[in-house]
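Chemist:
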Amino acid sequence: MAKKSTDKKGKKVHKNKPSSKKYSKYSVQNGKVTRSAHCPRCGPGIFLNQSLGRKYCGKCHYTEFEGKKI
């Protein structure tokens, strides 16, 4: 019978992950924290993505177009 070759398993190499960008949605003006546009359906914790000509919520798929006010 042939012997099975086994590779030694060691620790995995640590890889740095990119940090969250949620801090960029907040700004401090005159000591007060202001937030960018949040989703009216989901609440103040979910932000709207700002694309070309529209704002979009990835959670509930709510969309606001720039030229139109609903």
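In our numbering, the protein residues as written are 21 to 90.
Virtual Cβ for every residue (Gly too), placed ideally from N, Cα, C.
(1) Does the beta-carbon of C77 have 16 or more other beta-carbons within 10 angstroms, so that it is buried, or is it exposed?
(2) Bridge partners for N69 per DSSP, in chain order?
(3) Would you kindly report the start and end of the unbroken beta strand (DSSP E) that includes K52?
(4) So, using beta-carbon positions, are Y82 and C62 closer together than 9 Å?
(5) With DSSP collapsed to three states, give me the class of E82.
(6) The beta strand (DSSP E) that contains Y46, what's its start and end?
(7) Near K45, which residues of its chain fall below 8 Å by C-beta distance, leaving aside the five closest residues on each side in sequence?
Modeler: Let me lay it out:
(1) buried
(2) Y76
(3) K52 to R55
(4) yes
(5) This sequence places Tyr at residue 82; Glu is not what is there. Correct three-state label for Y82: coil.
(6) Y46 to Q49
(7) R55, S56 and F67
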